[in-house]
Amino acid sequence: MIETLLLPLLGRELFSKVFNETSNNVYNGLEELKKYNHYNLDNLIEQLDIQNKMKIIESYIKKREDNILDEHIKLSINSIINIIKKINEEIKDINTQIIEHELKWFHSYRKPDIKNKINNLINHSLIFDKRIDLLLKI
Numbered sequence: 051m052i053e054t055l056l057l058p059l060l061g062r063e064l065f066s067k068v069f070n071e072t073s074n075n076v077y078n079g080l081e082e083l084k085k086y087n088h089y090n091l092d093n094l095i096e097q098l099d100i101q102n103k104m105k106i107i108e109s110y111i112k113k114r115e116d117n118i119l120d121e122h123i124k125l126s127i128n129s130i131i132n133i134i135k136k137i138n139e140e141i142k143d144i145n146t147q148i149i150e151h152e153l154k155w156f157h158s159y160r161k162p163d164i165k166n167k168i169n170n171l172i173n174h175s176l177i178f179d180k181r182i183d184l185l186l187k188i
């Protein structure tokens, strides 16, 4: 009897915890990217609107806490968390490449090779949009 009561609570709390940890990492990574004004990443971050999308999903998860254990909702939230993790990795990689680039000699005369990472970030953001749409349609 106690197990039946505890398992749903653990499932909801686990989703919230994983989502919050991942979203905090993304928020911090985006703030780091904004520091590099000369790479024009502010416009990209604004266009992708990742922070607002994540706030909406976080609010949605909190609102639907009672129904979060429905299998289709679980699958949808898991897929969103997975794409957010990929976005987080892309943001980390971009930050790392910029930091490494700025340590190079004559770095001001050339640009870091982050084009592929930015394209990946854009693609992952599009996937994120589609997964949000799917969750909200359920």
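All residue numbers for the sequence shown refer to this note's numbering, where the first residue is 51 and numbers rise by one. Beta carbons: idealized from backbone N, C-alpha and C, even for Gly.
Applying the criterion that 16 or more other CB atoms from any shown protein chain within 10 Å of the CB defines a buried residue, is residue i buried or exposed?
i: N138; result: buried
i: I149; result: exposed
i: R181; result: buried
i: I188; result: exposed
Using a threshold of 8 Å, state whether the C-beta atoms of residue i and residue j are closer than that.
i: I133; j: I177; result: yes
i: E140; j: L98; result: no
i: I111; j: S73; result: no
i: L80; j: I100; result: yes
Between the C-alpha atoms of residue i and residue j, what's the straight-line distance to the nearest angstrom?
i: I123; j: V76; result: 23 Å
i: H174; j: L186; result: 18 Å
i: D183; j: S126; result: 10 Å
i: I131; j: Y89; result: 28 Å
i: P162; j: N78; result: 21 Å
i: N102; j: R160; result: 33 Å
i: N87; j: D179; result: 26 Å
i: E121; j: R114; result: 13 Å
i: K85; j: H151; result: 15 Å
i: K135; j: F69; result: 9 Å
i: S129; j: K105; result: 16 Å
i: E71; j: S109; result: 15 Å
When you compare the CB of residue i with every CB in chain B, is at least one pair closer than 8 Å?
i: K187; result: The structure shown contains no chain B; it is built from a single protein chain.
Please determine whether the Cβ atom of residue i lies at a distance below 7 Å from any heavy atom of the ligand FMN.
i: K112; result: Here there are no bound small molecules, and the ligand FMN is not part of this structure.
### Query
When the Cβ atoms of the stretch 149-157 are set against those of the stretch 92-102, are three or more pairs found closer than 8 Å?
No, because fewer than three Cβ pairs between the stretch 149-157 and the stretch 92-102 fall closer than 8 Å, the two stretches do not touch.
### Cβ contact (3+ pairs, closer than 8 Å) linking the stretch 144-151 and the stretch 161-173
Contact between the stretch 144-151 and the stretch 161-173 is present, with at least three C-beta pairs closer than 8 Å.
### Message
Just to confirm the assignment: which complete alpha helix (DSSP H) runs, minimum length 4, are found wholly within the stretch 92-164?
### Response
Entirely contained in the stretch 92-164, the alpha helix (DSSP H) runs reaching 4 residues are, in chain order, 100-113 and 121-152.
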